[in-house]
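Take a look at the structure below.
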Amino acid sequence: MSQTPTIPPPVNSAMKSVLRSPLHGLVSKTILLITFTGRKSGRSYTTPVSYSQSGGEVLIFTHAGWWKNLSGGAPVGLRIRGQELQGLAETVAEDKPAVAAGLAAHLRKVKSDARFYGVTFDQQGNPRAEEVENAAQSVVMIRIQLC
């Protein structure tokens, strides 16, 4: 079980408001809104999450259990830098080397996330491999292909 604290609901609500507003540019370079459907409830959920993007692929990492709604592949809506986009999400939970590789790439782009995973950087500015491998044991990677 992760020691990472959850984000308080009022902070998530405030972040959703900012990301939907003309002020989104303050945070939308590293935080997006993901909207997905609950597998059991059928309800639509939207949550702010940190992300990195490379071309048509978006990477998200989470310690929280909501990722299970995306297992087996699921369509998602994304609000990225003020734009509404669609994608297909794939979860990577068991392939820990793939999770570690993705997390290392993500942290190179979004260095401020390192504290959430207990990762520090070496003198060259790269995330320390052993710390990334340790973090990958308790995190799930969500890979989204944009449509």
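Here our numbering is used: the first residue of the sequence shown is 314, the next is one more, and so on.
C-beta: ideal position from N, C-alpha, C; glycine also.
Determine the contact status of L345 and Y358, defining contact as a CB-CB distance below 8 Å.
-> Here residue 345 is taken as the residue at index 32 of the sequence shown, counted from 1. Here residue 358 is taken as the residue at index 45 of the sequence shown, counted from 1. No, these two residues do not count as a Cβ contact at 8 Å.
Ignore the nearest five residues each way along the sequence and tell me which others in G369's own chain have a CB closer than 7 Å to its CB.
-> Indexing the sequence shown from 1 puts residue 369 at position 56. Hits under 7 Å: Q458 and L459.
Of the listed residues T360, A327 and L372, nearest to G415 (C-alpha basis) = Position 102 of the sequence shown, counted from the start, is the residue given in the question as residue 415. Nearest of T360, A327 and L372 to G415, Cα basis: L372.
Which partner residues does V362 have in the DSSP bridge list?
-> The sequence position of residue 362 within the sequence shown is 49, counting from 1. Beta-bridge pairing links V362 to L345.
Alpha carbon to alpha carbon, what distance is there between N447 and I471?
-> The chain is shown from 314 up to 460; residue 471 falls before or after that span and cannot be answered.
Are A411 and L420 closer than 8 Å when you measure CB to CB?
-> For the purposes of this step, residue 411 is taken as residue 98 along the sequence shown, with counting starting at 1. For the purposes of this step, residue 420 is taken as residue 107 along the sequence shown, with counting starting at 1. No, they are not a contact pair.
Over the uninterrupted alpha helix (DSSP H) stretch that includes G415, give me the two end residues.
-> The count along the sequence shown starts at 1 and reaches residue 415 at position 102. Per DSSP, G415 belongs to the alpha helix (DSSP H) from K409 to K422.
Look up G400 in the DSSP assignment and give the residues it is bridged to.
-> As a first step, residue 400 must be located in the sequence shown, where it is residue number 87. Bridge partners of G400: V389 and L459.
Where the alpha helix (DSSP H) containing L332 begins and where it ends | As a position in the sequence shown, residue 332 is number 19, starting the count at 1. Residues P322 to L332.
Skipping 5 residues on each side, what residues in its chain have a beta carbon closer than 6 Å to that of A449?
-> Against the sequence shown, residue 449 aligns to sequence position 136. K409, V412, A413 and L416.
Length of the line joining the Cα atoms of G338 and I393 = Within the sequence shown, the letter at position 25 stands for residue 338. Within the sequence shown, the letter at position 80 stands for residue 393. Straight-line Cα distance between these residues: approximately 10 Å.
Could you round the C-beta distance between S341 and G395 to whole angstroms and report it? I think they count as a contact, below 8 Å.
-> Mapped onto the sequence shown, residue 341 falls at position 28. Mapped onto the sequence shown, residue 395 falls at position 82. With a Cβ gap of about 6 Å, S341 and G395 count as contacting.
Near N382, what residues of its chain come up, given a Cβ to Cβ distance below 8 Å and the 5 sequence neighbours on each side ignored?
-> Translated into positions along the sequence shown, residue 382 becomes position 69. Closer than 8 Å at the Cβ level, and outside the excluded window around N382, lie F349, T350, G351, R352 and Y358.
Could you check where the alpha helix (DSSP H) with V445 kicks off and where it finishes?
-> On the sequence shown, position 132 is the one that residue 445 refers to. Its alpha helix (DSSP H) spans residues A442 to A449.
Do you know offhand how far P440's Cα is from K424's?
-> The residue you call residue 440 lines up with position 127 of the sequence shown. The residue you call residue 424 lines up with position 111 of the sequence shown. One C-alpha to the other measures close to 9 Å.
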